[in-house]
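Below is one structure, written out as structure tokens, with a few remarks after it.
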């Protein structure tokens, strides 16, 4: 929540919230993105659609599904909105990846024409990309897919001994198209597996305590959701989501334009793994950053960071062939820990350290700085606070005395 | 030159590095860890942070540029703490030598009495207390947790407090000698109590001595006694002049 006009920020948590507010996608854009992908879903499933009989369902994936979208650093940069178009009745025995891609493509082209979009949809390696040329500046990536429960289960056989987990994850597994896949044009060939819905579910369950509190609060307000998994990401804002947004902004500034920058899915995964239900952004960052740094430092060779919703997938699989990706991640996580903790632990709430300012960008800092209150009372209370700390040490029984060994 | 932490290090050093990082990386962003000649070096700006949630938004109370040398055999060897800037007056009264070496605490008795003597506990306990005390000494003029006298006298005081006996060096030495020679209270009525009362131990300091047997291993008692009886290096003439000039060669005990 932004600080109300007139009320000054007097804590680090309020300052972090104000920063997150500045770097987050504006609510109107968020709403527009959702409206647009729903509109695509309605188009693909309209009675006249050539794939209507296959039961197309469109849902968000990636940062939109997780609630971790941030504004691009550059003014001209676009928001990438990732959506999955899953054909409920599709099967790899009935169609090849290429046939699925083209079937969805026909309708995506029709949608672009119907919407008077100036650019033709782009036939990318795995998805169709729609470019929206307006103030919101979206790139919508539509990923064609089919359910892949059985393929998922058979691929996971021998990989995970937890049959219950495999069954649960398989319910949301999908087969996706990939032009570079050897079986791209062959009916019945194996497909690449993905599980974005399973990942979103895992991400929510990592925040179960916080989300459960939010669910009860929403219930009291008349908005009823049966479980935390059903709460849409835009309905609630959690400390972990906010912390991930700040980390992604730090990454974007540190590696502006670098194609080997740390990828969001690894940042999100290891942050969520380290998260322990902290109730503030500040506590979340203080907990997860040292753990993330250690996690990366202790990775073996080759590095393996498994997808929690499809453990056979290694998010760090490219690190072996491009060592720069690994080095960049190591550098980034170390710098992120230093920059965030320099503010969270060492600085006063209204005094952003220089590296922290640089990491959040001057533009963002300029918007938040005027809202920061003064710390005169805090400075005056310094000695009293130090005495209180000394009393705490006494109470804990940890008091020690210095001496001088003059030998 | 410091070694890269990625190079081959002994398990002992690797474990120590891990413990130090766990202890410091959570809230000390300006401290770096490296390895030099088998010891782990922690160097950079140490931020004296409030621990009470009420004070978290204040930021650090003080900052000190420090170098801490932790030998791989910690806790056998005491870490060496040097303040690299002038954030602490380099005076005996501030328990800081002219070279910036800090006398954090009597490490031996802390080790023997603290519940947890991990390196994390050291940084969070005596190390932090030292810098918190410096702050209050400068602002309020006294040490919040008191301080020991300098040299042998202070060491004897610390041991006496640990044992629970009189703090004169002779008594402390007698009791340590007794501990070195005894695994338990002697049954013989011929033995005199090491406190010098002339009574037998069972009629005098039985509880104190029994407790000492439990709390202080013989090897440690031997080490303490050696340190207590070790001949002190004579002071350099310049140091003698400095102390005479200040007219307070040793600090008076509170």
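Residue numbers (my numbering), protein chains in the order written: chain Z, 1 to 407; chain A, 1001 to 1254. Note that beta-carbon positions come from the ideal geometry of N, C-alpha and C, so glycine has one too. Remember, it's a predicted structure, so these values are computed and weren't measured experimentally.
Note on geometry: alpha-carbon atoms of residue 1054/A and residue 388/Z lie some 10 Å from one another. Contact annotation: residue 1175/A and residue 1222/A have beta-carbon atoms that are not nearer than 7 Å. DSSP places residue 403/Z in the coil class of the three-state scheme, outside both helix and strand. Contact annotation: residue 348/Z and residue 1058/A have beta-carbon atoms nearer than 7 Å.
DSSP links residue 1067/A through a beta bridge to 1043/A and 1082/A.
Note that the C-beta distance between residue 1123/A and residue 1078/A is not below 7 Å. Scanning chain A for C-beta atoms nearer than 9 Å to the C-beta of residue 125/Z yields nothing, as the closest lies near 36 Å away. The C-beta separation of residue 373/Z from residue 113/Z comes to about 54 Å, leaving the pair out of contact by the 8 Å criterion. Every unbroken stretch of the beta strand (DSSP E) spanning 3 or more residues and falling wholly within the region 250-335 of chain Z is given here in chain order: 310-314. In terms of Cβ geometry, residue 50/Z and residue 106/Z form a close pair [threshold 7 Å].
Using beta-carbon distances, residue 137/Z does not count as an interface residue toward chain A, since no partner is under 7 Å. The closest CA to that of residue 1115/A, considering only 1215/A, 1013/A, 1230/A and 1229/A, is found on 1215/A. Taking every protein chain shown into account, the CB of residue 220/Z has fewer than 16 other CB atoms within 10 angstroms, so this residue is exposed. Look at residue 378/Z: its C-beta is under 7 Å from a C-beta on chain A. Your pair residue 84/Z and residue 196/Z checks out as a contact, with CB atoms roughly 6 Å apart and the cut at 8 Å. According to DSSP, residue 140/Z shares a beta bridge with 81/Z and 130/Z.
Neighbours of residue 1158/A in chain Z, taken as residues whose beta carbon is under 8 Å from its own, are 401 and 403 in chain order. For residue 1048/A, DSSP records a beta bridge to 1062/A. From the beta-carbon of residue 347/Z, the residues of chain A found nearer than 7 Å are 1059. In this structure residue 1197/A is exposed. Its beta-carbon is surrounded by fewer than 16 other beta-carbon atoms within 10 angstroms. Distance from the CA atom of residue 1182/A to the CA atom of residue 1121/A, rounded to whole angstroms, is 31 Å. In the three-state DSSP reduction, residue 355/Z falls in the helix class (H, G or I). Apart from sequence neighbours up to five positions away, the residues of its chain that approach residue 38/Z with a beta-carbon distance below 8 Å are 58, ordered along the chain. Residue 336/Z and residue 355/Z have their C-alpha atoms roughly 10 Å apart. Judged by DSSP secondary structure, residue 1151/A falls outside any beta strand (DSSP E) and instead within the alpha helix (DSSP H) spanning 1151-1163. Annotation note: the region 177-240 of chain Z contains the following uninterrupted alpha helix (DSSP H) runs of length 4 or greater, listed N- to C-terminal: 196-205 and 208-220.
Distance between residue 1237/A and residue 1168/A, taken at the CA atoms: about 28 Å. Cα atoms of residue 1145/A and residue 1163/A: separation of roughly 19 Å, rounded to the nearest angstrom. Any Cβ of chain Z closer than 7 Å to the Cβ of residue 1110/A would place that residue at the interface, and such an atom is present. In this structure the region 169-185 of chain Z lies against the region 145-160 of chain Z, because at least three pairs of beta carbons, one per stretch, are closer than 8 Å.
For the region 1139-1153 of chain A, residues whose beta-carbon sits nearer than 8 Å to a beta-carbon of chain Z comprise 1139, 1140, 1143, 1144, 1145, 1146, 1147, 1148, 1149, 1150 and 1151. Judged by DSSP secondary structure, residue 61/Z falls within the beta strand (DSSP E) whose first and last residues are 56-61. The alpha-carbon of residue 1130/A is positioned some 10 Å away from that of residue 1136/A.
Residue 43/Z and residue 34/Z have their C-alpha atoms spaced approximately 14 Å apart.
When only Cα atoms are considered, residue 299/Z and residue 306/Z end up about 12 Å apart. DSSP places residue 122/Z within a strand segment (E or B) once states are collapsed to three.
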